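Undergrad:
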Amino acid sequence: MNGAPQESKVVSEMEKISSKSVAVIDVGTTSIRMAIAQIGGPGGIKIMEQLDQAVNLGKDTFTLGAIQKTTAEECVQTLMSFKKVIREYQIDEEKNIRAVATSAVREASNRDAFLDRLYIATNIEVEAVEEAEVPRLMYLTVASSLNSESKPLNSDYLIVEVGGGSTEILLIQSGSVVFS
Numbered sequence: 109m110n111g112a113p114q115e116s117k118v119v120s121e122m123e124k125i126s127s128k129s130v131a132v133i134d135v136g137t138t139s140i141r142m143a144i145a146q147i148g149g150p151g152g153i154k155i156m157e158q159l160d161q162a163v164n165l166g167k168d169t170f171t172l173g174a175i176q177k178t179t180a181e182e183c184v185q186t187l188m189s190f191k192k193v194i195r196e197y198q199i200d201e202e203k204n205i206r207a208v209a210t211s212a213v214r215e216a217s218n219r220d221a222f223l224d225r226l227y228i229a230t231n232i233e234v235e236a237v238e239e240a241e242v243p244r245l246m247y248l249t250v251a252s253s254l255n256s257e258s259k260p261l262n263s264d265y266l267i268v269e270v271g272g273g274s275t276e277i278l279l280i281q282s283g284s285v286v287f288s
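In the working numbering, the protein residues as written are 109 to 288.
Have a look at this one:
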């Protein structure tokens, strides 16, 4: 009797144990985006699904100073539809869901009320990322892709992220952030 089928089953079970599904949500200026990914195991990170829904957070915040109730309710509906997808992937632990909001929420005069409304309606805690935190997150996002044989991290890089409500610039020289 060949041991390969049994060994394959054991490897398959270990992959399930060592990997998990996560959801990442970005409540942005012009849209709310979500990615569902499988992390860990032999593949590292594998994107399973990506969703995107347009919203008018930037229009409200940057013209009126606050997020309007109708826009807040559109965001609630979007997050509730995302929550259904999260459940389909059996992501049931809060620690496996990360939701952040950027400049349009951060700069809204009613930011706290808006974030509370999202949490009460969806049980998803959305964190408004402070402006000082954005360069660190940008660096973490690109560092792994820059650190390869073809693109060594000790080279110089200028990274520009143009968002709906802000533009971020990050200058990396010899693996260190020298300007943001």
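Cβ coordinates follow ideal geometry from the N, Cα and C atoms, glycine included.
Everything numeric in this text was worked out from a predicted model, so none of it was measured.
On the DSSP bridge assignment, give the partners of R141 in chain order.
TA: Taking the sequence shown and counting its residues from 1, the one referred to as residue 141 is at position 33. Answer by DSSP bridge pairing, in chain order: D134, D160.
Undergrad: Within its chain, find whatever has a CB closer than 6 Å to the CB of E233; leave out the 5 residues flanking it on each side and keep chain order.
TA: Locating residue 233 in the sequence shown gives position 125, counting from the first residue. Y227, listed in sequence order.
Undergrad: According to DSSP, Y227 sits in a beta bridge with which residue or residues?
TA: Here residue 227 is taken as the residue at index 119 of the sequence shown, counted from 1. Partner(s): none; Y227 has no beta bridge.
Undergrad: Out of E182, I199, Q185, which has the shortest C-alpha to C-alpha gap to A143?
TA: What you label residue 143 is simply residue 35 of the sequence shown in a count that begins at 1. Minimum Cα distance to A143 is reached at I199.
Undergrad: With distances taken from CA atoms, which of L266, V163, K177, D264 is nearest A292?
TA: Since the first residue of the chain shown is 109 and the last is 288, residue 292 is not available in this structure.
Undergrad: S217: buried (16+ other C-beta within 10 angstroms of its C-beta) or exposed?
TA: For the purposes of this step, residue 217 is taken as the residue at position 109 of the sequence shown. By the 10 Å Cβ count, S217 comes out exposed.
Undergrad: What's the gap between the Cα of T137 and the Cα of D220?
TA: Taking the sequence shown and counting its residues from 1, the one referred to as residue 137 is at position 29. Taking the sequence shown and counting its residues from 1, the one referred to as residue 220 is at position 112. Spanning the two alpha carbons is a distance of roughly 16 Å.
Undergrad: Have a look at E238 and V193 and give me their C-alpha separation to the nearest angstrom.
TA: By 1-based counting over the sequence shown, the position of residue 238 is 130. By 1-based counting over the sequence shown, the position of residue 193 is 85. Using only the alpha carbons, I get a separation of about 28 Å.
Undergrad: Alpha carbon to alpha carbon, what distance is there between I280 and C183?
TA: Position 75 of the sequence shown, counting from 1, holds the residue named residue 183. Position 172 of the sequence shown, counting from 1, holds the residue named residue 280. Distance between the alpha carbons of C183 and I280: 35 Å.
Undergrad: May I ask you to report which of helix, strand or coil DSSP gives G296?
TA: Look at the range of the chain in this structure, 109 to 288, and you will see that residue 296 is not part of it.
Undergrad: Would you call the CB atoms of T169 and A212 closer than 7 Å?
TA: If you number the sequence shown from 1, residue 169 lands on position 61. If you number the sequence shown from 1, residue 212 lands on position 104. Yes, the pair counts as a contact, with Cβ atoms nearer than the cut-off.
Undergrad: Closest to Q161 by CA distance: which of G173, V135, N231 is it?
TA: Within the sequence shown, the letter at position 53 stands for residue 161. Taking only the C-alpha atoms, the option nearest Q161 is V135.
Undergrad: Kindly list the residues whose CB is nearer than 6 Å to the CB of A180, restricted to its own chain and excluding five residues on each side of it in sequence; keep chain order.
TA: Stepping through the sequence shown from its first residue, residue 180 is reached at position 72. These residues qualify, in order along the chain: F222, R225.
Undergrad: Which of the three DSSP states is assigned to I194 in this structure?
TA: The residue labelled residue 194 in the question sits at position 86 within the sequence shown. Correct three-state label for I194: helix.
Undergrad: The beta strand (DSSP E) that contains T207, what's its start and end?
TA: Position 99 of the sequence shown, counted from the start, is the residue given in the question as residue 207. Residue identity differs from the one stated: residue 207 is Ala in this sequence, not Thr. A207 -> beta strand (DSSP E) spans 205 to 209.
Undergrad: Below 7 Å CB to CB, which residues in the same chain sit around Q146 once its five sequence neighbours on both sides are set aside?
TA: For the purposes of this step, residue 146 is taken as the residue at position 38 of the sequence shown. Contacts found: S127, S129, K154, M156.
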